[in-house]
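The structure under discussion appears below in the form of structure tokens.
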Amino acid sequence: MADLEAKVKELEAQLRKEIAYREELERDVENLCMQGSGSSTFSGSSVLSERIYSTEKELVKVKAQLAAVVAERDNLREDLRGFKDSKRTVDASWRVERERSDNLEKELAFYQSQSTRAISDRDRATWEAEDMRSQMLAMSARLRDAESQADADRSQRQETERSLQAAQQQIGVLEEQVRECALLPGLRQDLAEAQASIASLERERNDLQAQLAQAQSGLDDVQQQLAQLQGESEALAGQLAAACKAAEDAEEEHEEEIEQLQAEMEKLKATTAAAEERADEAEGSLAAAQAEIEVVRRETQKQLAEHERAGAASRAERDTAHAKELAGLRQQVQELQARFDSTKAQMEQASQEKVEALIRLSTAQSAASQAADETRDLQTQVADLQKRLQQATQEKVNALMQLAERRESNGIKASPKASGGWGWRSSTSPGAAPASAKSASLAISVASPPTSPPSSTRSSVDLRPHVTSLEDKLRKLASLAASTCPLRE
């Protein structure tokens with residue numbers, strides 16, 4: 047563009063030079079013609095007429111060029127105006143798109159943060175689930191070890207009981223022999239030997255009883271290990287309950303935020319209710335599992351107490367019952383694992399529903415912000431109308447004050463008529479000063495416009511049209527304020 051302008055300027059300068067050179071040549075030719083003899087073909091008048099003709103022709107040409115230039119200028123102005131309008135339109139659309147882009151970037155940042163938070167919650171829940179699964183596996187391994195140790199102790203106890211029964215039978219035989227020997231004289235040495243053997247057998251019986259007590263203590267250790275495993279199971283159940291409680295707290299926080307939004311309340315309530323029901327079901331299943339573990343623990347303690355109080359004759363039967371109880375405990379652990387897996391799936395589904403609720407929440411927040419903007423605009427309009435109403439009231443008060451001053455200066459008293467309205471009469475009380483005095487009374491009553499002129503004497507200045515127009519303005523402003531009151535509420 048700059049190159050074209052420079053080239054145009056250069057051509058214009060060259061054109062001016064050529065025109066000046068042509069005019070100089072024309073003047074030289076004219077001078078030569080004017081200096082020629084009278085018999086010359088070119089006379090002075092012909093030269094002047096020719097010059098005038100050429101000048102007029104050039105003037106017409108220049109006018110045509112000027113008209114073309116003016117038309118071109120107008121066209122360029124129209125084009126420039128169109129370019130400016132299109133530029134304003136493009137700028138407005140660019141600003142709108144820029145605002146839309148900023149809003150989209152904000153929403154994208156919000157969604158990304160919410161997605162990151164949801165992913166972190168999911169990863170944390172997954173990690174907790176894996177940790178609980180590893181703890182359950184470790185507990186199952188320890189339970190299997192305890193069961194194997196209980197089986198070994200049970201076999202050792204059975205062997206000890208068999209040895210004790212054999213020793214008791216041998217003791218009974220020896221006691222029978224001692225009684226027989228005591229009846230026979232001369233067998234005291236055999237009796238002493240029998241007593242020594244009885245003492246040794248008693249010592250052996252004591253040893254067997256000590257072994258039995260040791261086996262019983264081993265069984266007590268196994269019971270303590272079972273109780274510890276049950277405590278760990280309760281701790282895991284407490285951790286699961288705490289995780290469910292944290293999820294419920296997060297859902298309650300989101301519910302408190304959702305309650306502030308009227309547009310999406312129903313859908314979010316339904317979603318949250320479904321999530322709460324699933325969380326309650328998961329918590330109920332965990333509570334049921336914990337209750338079952340507690341029942342099993344109590345039954346185990348009760349059965350162990352009965353096992354300790356029972357005699358040696360029913361130990362084999364109790365061992366069989368204990369094996370059945372261990373099998374039942376193993377089955378219950380498997381059921382708890384299955385319930386834990388189902389609870390984990392429900393927690394993942396609740397997390398997904400929470401993400402969807404957050405997305406709906408962001409949409410509802412944008413709608414709420416728009417509604418808040420509209421509310422602020424309406425509040426501004428209401429404040430403006432209230433201000434105008436106050437101004438109109440003040441104007442009416444000023445007009446009434448001016449009316450009172452004029453009436454006081456004119457000695458005219460305004461009194462309400464029987465039918466309501468304005469009534470003017472110039473009156474003074476008996477014995478009072480003249481109407482122009484300062485003691486003239488003034489009574490003003492605001493009501494509906496009068497329907498008929500007052501019968502009393504009227505002042506020379508009729509102010510009723512002004513008062514009527516002020517009352518009409520006041521009624522209009524009052525109706526306008528009344529129409530805006532619902533908006534303010």
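Per this note's numbering, the sequence shown starts with residue 47, numbered consecutively.
We treat Cβ as the ideally placed atom computed from N, Cα and C, and that holds for glycine.
Exercise. State the Cα-Cα distance for the pair I98 and L61, rounded to the nearest angstrom.
Key: 22 angstroms
Quiz item: Between L254 and the rest of its own chain, which residues show a CB-CB distance below 8 angstroms, the 5 nearest in sequence each way excluded?
Solution: T206, S209, L210 and A213
Exercise. Could you check if F386 is buried or exposed, using at least 16 other CB atoms within 10 Å of its CB as the buried criterion?
Key: buried
Self-check item: Cβ separation of Q160 and V401, assumed to be a contact under 8 angstroms, to the nearest whole Å
Solution: 7 angstroms
Quiz prompt | Test item: CB-CB of S408 and E145 under 8 angstroms | solution = no
Exercise. My understanding is that Q223 touches L247, with C-beta atoms under 8 angstroms, so please give their C-beta distance in whole angstroms.
Key: Not really, about 12 angstroms apart at Cβ, beyond 8 angstroms.
Exercise. Tell me whether the beta-carbon of L220 lies closer than 8 angstroms to the beta-carbon of S186.
Key: no
Practice problem: Just the C-alpha distance for Q204 and T366, rounded to the nearest angstrom, thanks. | Solution: 12 angstroms
Quiz item: Are M393 and A184 touching if we call contact CB-CB under 8 angstroms?
Solution: no
Quiz item: In or out: A196 buried (at least 16 other Cβ within 10 Å) or exposed?
Solution: buried
Practice problem: Quick one: using the 10 Å Cβ neighbour count with 16 as the cut-off for buried, is T497 buried or exposed? | Solution: In this prediction, T497 scores a pLDDT of 40, lower than 50, which makes its location untrustworthy; the coordinate-derived value is nonetheless stated afterwards. Exposed is the call here.
Quiz item: Could you give the distance in angstroms between the alpha-carbon of L150 and the alpha-carbon of S166?
Solution: 24 angstroms
Practice problem: Look at the alpha carbon of T162 and the alpha carbon of Q398, and state the distance between them as a whole number of angstroms. | Solution: 13 angstroms
Practice problem: Express the C-alpha separation of V136 and K107 in angstroms, rounding to a whole number. | Solution: 42 angstroms
Quiz item: Shortest alpha-carbon distance to D518 belongs to which of D430, M447 and K442?
Solution: K442
Quiz prompt | Same chain, Cβ closer than 7 angstroms to F156, five either side skipped, listed in chain order | solution = S408
Quiz item: Could you give the distance in angstroms between the alpha-carbon of D191 and the alpha-carbon of R249?
Solution: 34 angstroms
Self-check item: Whole-angstrom distance between L71 and D49, CA atom to CA atom
Solution: 33 angstroms
Quiz item: Taking the C-alpha atoms as reference points, what is the distance between R179 and A384?
Solution: 11 angstroms
Quiz item: If you count every other CB in all the chains shown that lies within 10 Å of the CB of R453, and 16 or more means buried, which is it?
Solution: buried
Exercise. Report the rounded CA-to-CA distance for Q270 versus K370, giving the unit in angstroms.
Key: 19 angstroms
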